[in-house]
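A.B. asks: Protein chains in written order, with UniProt numbering: chain P, 1 to 196; chain F, 1 to 196.
Glycine included, every Cβ here is placed at the ideal spot set by N, Cα and C.
Note that the structure is a prediction, hence the values are computed from the model and not measured.
Here it is: the structure, laid out below.
Protein chains: 2
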Amino acid sequence: MENSRRRGRPGHDQNAVLTAAVRLFNTHGYDATSMFDIAESLGITKSTLYHHVSSKEQMLTMAVDRALGALEEAAAEALTSTDPATVRLRRLIRSSVLVLAERLEFVTLLLRVHGNTVAEQHAVSRRRAFDRIVTDLVKQAQAEGGVRADVDAATAARLIFGMVNSLIEWYRPDRGAPESIADTVSDLAFDGLRTH
Amino acid sequence: MENSRRRGRPGHDQNAVLTAAVRLFNTHGYDATSMFDIAESLGITKSTLYHHVSSKEQMLTMAVDRALGALEEAAAEALTSTDPATVRLRRLIRSSVLVLAERLEFVTLLLRVHGNTVAEQHAVSRRRAFDRIVTDLVKQAQAEGGVRADVDAATAARLIFGMVNSLIEWYRPDRGAPESIADTVSDLAFDGLRTH
């Protein structure tokens with residue numbers, strides 16, 4: 001009966017499969033995780049698993065898409081808005097924190113992928129494209145006079161997103177609502193620790 | 001002859017062994033790396049490797065000590081100095097960046113260790129002790145009035161060290177001298193991106 005319900009709701013099943021796979025990838029590494037491990041952790045057979053997904057690589061692509069899709073959406077908003085670059089940068093930092101807090105396991109996988117396979121390489125190059133958008137925004141905000149010009153734009157972008165990405169190491173819902181963490185990150189990014 | 005020189009300089013050899021081991025741990029993971037892999041990457045036999053080190057775990061401990069020893073020294077300075085907490089916090093951020101830039105591969109290993117073995121667990125608990133020192137310093141600096149009191153001290157400490165620790169992902173000597181990166185990190189940590 002459990003099985004017939006599963007067959008009847010492929011969307012739901014693929015979600016469960018993906019969540020289990022991502023958990024194993026994050027714990028043991030993508031390379032070290034086999035289709036058998038994923039099937040075992042779901043209490044299903046390998047042939048049932050193949051009923052839902054075609055390969056381990058397909059799961060990586062799907063998982064990384066959940067993280068990158070949302071981050072790229074935030075970046076697209078930053079690129080198309082007519083607001084000043086400083087405002088767009090601040091909004092992109094906030095949105096990225098929200099994506100991380102809400103899709104933590106998918107972003108964790110994305111940030112740990114180093115990759116030799118095609119799927120991993122593709123994820124890395126999409127991540128780099130996102131980083132370039134952030135650096136460009138910092139440059140525009142510097143030109144506009146909203147962001148200090150005495151720091152290298154690429155270094156500033158890497159450091160600020162180092163702060164954002166650190167959420168994968170420590171964020172848990174009991175450490176603050178996503179909105180409140182997003183405020184803290186953007187406040188610290190723009191104004192720093194110093195008392196104003 | 002190479003071999004007799006090696007035997008004659010155990011300190012030098014252990015350094016080479018440690019560097020090779022850490023490179024493999026960082027690339028393939030601690031679990032996935034065997035003593036055979038380490039020997040092979042050095043072009044020596046496993047029995048020659050055991051002449052220098054007693055176990056994989058010993059190498060992990062030694063490597064992690066190189067990172068933690070330097071970080072703990074910086075933390076000890078922050079604890080014993082009589083300067084205001086705000087000054088000590090800023091100095092600890094700077095010194096930590098210098099340690100990361102100069103011992104990048106050792107700190108990379110330290111930050112990736114998740115651990116089930118005794119050596120890994122020990123490294124994780126020393127890392128936590130360091131984090132607590134940072135959080136306490138932020139609290140003292142807040143009480144002193146030098147650091148804004150509207151952010152949670154533990155969250156601020158995690159975010160600022162997220163910025164510091166991001167160096168393991170992107171730092172390379174051609175991206176700036178350690179001193180200059182240390183200045184940028186402490187400036188951004190205290191004053192943020194905003195033009196002053």
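Return the first residue and the last residue of the alpha helix (DSSP H) that Pro178(F) is part of.
C.D. replies: First-last of the alpha helix (DSSP H) with Pro178(F): 178-191.
A.B. asks: Below 7 Å between beta carbons: does that hold for Ala70(P) and Val99(P)?
C.D. replies: Going by C-beta atoms, Ala70(P) is nearer than 7 Å to Val99(P).
A.B. asks: Looking only at DSSP bridge pairs, what is Arg175(P) linked to?
C.D. replies: Note: Arg175(P) sits in no beta bridge, so no partner.
A.B. asks: If the cut is a Cβ gap below 8 Å, which residues of chain P does His196(F) touch?
C.D. replies: Within chain P, the residues near His196(F) are Arg148.
A.B. asks: Closer than 7 Å, Cβ to any Cβ of chain P: which residues of the segment 83-103 of chain F, in chain order?
C.D. replies: Going along the segment 83-103 of chain F in chain order, one finds no residue with a Cβ nearer than 7 Å to chain P.
A.B. asks: Given Val87(F), which residues of its chain have a CB within under 7 Å of its CB, disregarding the five upstream and five downstream residues?
C.D. replies: If we look at Val87(F) and ignore the five residues flanking it on each side, it has no Cβ neighbours.
A.B. asks: Verify whether the separation of the beta carbon atoms of Ala85(P) and Ala129(P) is less than 7 Å.
C.D. replies: No.
A.B. asks: What does Arg194(P) pair with, by DSSP beta-bridge criteria?
C.D. replies: In the DSSP output, where bridge partners are listed per residue, Arg194(P) has Val147(F).
A.B. asks: Quick check on Ser166(F): does DSSP put it in helix, strand or coil?
C.D. replies: Three-state result, Ser166(F): coil.
A.B. asks: Extract the residue ranges of the alpha helix (DSSP H) inside the segment 77-130 of chain F, only unbroken runs of 4 or more that lie entirely within it.
C.D. replies: Taking only runs of at least 4 residues, the alpha helix (DSSP H) segments lying wholly in the segment 77-130 of chain F are 85-102, 104-112.
A.B. asks: Buried or exposed: which applies to Val118(F), given that a residue is buried once 16 or more other Cβ atoms fall within 10 Å of its Cβ?
C.D. replies: Under this definition Val118(F) is an exposed residue.
A.B. asks: DSSP on Ile44(P), reduced to helix/strand/coil?
C.D. replies: Three-state result, Ile44(P): coil.
A.B. asks: Look at the alpha carbon of Val164(P) and the alpha carbon of Thr184(F), and state the distance between them as a whole number of angstroms.
C.D. replies: Distance between the alpha carbons of Val164(P) and Thr184(F): 17 Å.
A.B. asks: Measure from the C-beta of Ala189(F) to each C-beta in chain P and report whether the shortest distance is under 7 Å.
C.D. replies: Chain P, which has a Cβ nearer than 7 Å to the Cβ of Ala189(F), makes this yes.
A.B. asks: Less than 7 Å between CB atoms is the rule here; does Gly162(F) satisfy it with respect to chain P?
C.D. replies: It does; some Cβ of chain P falls within 7 Å.
A.B. asks: Can you tell me the Cβ-Cβ gap for Ala149(F) and Thr135(F), rounded? I've got them flagged as a contact below 8 Å.
C.D. replies: About 14 Å separates the two Cβ atoms, so there is no contact after all.
A.B. asks: What does the alpha-carbon distance come out to for the pair Arg23(P) and Gly162(F)?
C.D. replies: About 22 Å.
A.B. asks: Could you tell me if Ala177(P) is buried or exposed, where buried requires 16 or more neighbouring beta carbons within 10 angstroms of its beta carbon?
C.D. replies: Result: exposed.
A.B. asks: Hey, does Ser34(F) have any beta-carbon neighbour from chain P nearer than 7 Å?
C.D. replies: Not closer than 7 Å to any Cβ of chain P, the Cβ of Ser34(F) fails to qualify, so no.
A.B. asks: What would DSSP say about Gly69(F), mapped onto helix, strand or coil?
C.D. replies: Correct three-state label for Gly69(F): helix.
A.B. asks: Do Tyr30(F) and Ala101(F) come within 7 Å of each other at the CB atom, strictly closer than that value?
C.D. replies: Contact: no.
A.B. asks: Using a C-beta to C-beta distance shorter than 9 Å, which residues of chain F count as neighbours of Leu110(P)?
C.D. replies: Those within 9 Å of Leu110(P) in chain F number zero; the least Cβ separation is about 13 Å.
A.B. asks: Can you list the residues of chain F that Val185(P) reaches, using a CB-CB cut of under 8 Å?
C.D. replies: In chain order: Leu159.
A.B. asks: Give the single residue among Ser186(F), Met62(F), Lys46(F), Lys56(F) whose Cα lies nearest to the Cα of Asn15(F).
C.D. replies: When only C-alpha atoms are compared, the closest one is Met62(F).
A.B. asks: Quick one: list the residues of chain P neighbouring Ser41(F), beta-carbon separation under 7 Å, in chain order.
C.D. replies: Correct list: empty, because the minimum Cβ distance to chain P is about 18 Å.
A.B. asks: Flag this pair as yes or no: are the beta carbons of Ala67(P) and Leu18(P) separated by less than 7 Å?
C.D. replies: Against a cut-off of 7 Å, the Cβ pair of Leu18(P) and Ala67(P) comes out as no contact.
A.B. asks: Within 10 angstroms of the Cβ of Arg132(P), are there 16 or more other Cβ atoms? Answer buried if so, exposed if not.
C.D. replies: Classification for Arg132(P): exposed.
A.B. asks: Should Ile168(P) and Val97(P) be called a contact, given that it needs their Cβ atoms to be closer than 7 Å?
C.D. replies: Going by C-beta atoms, Ile168(P) is not nearer than 7 Å to Val97(P).
A.B. asks: Go ahead and pull the three-state DSSP assignment for Leu30(F).
C.D. replies: Per the sequence shown, the amino acid found at residue 30(F) is Tyr instead of Leu. Residue state, collapsed to three classes: coil.
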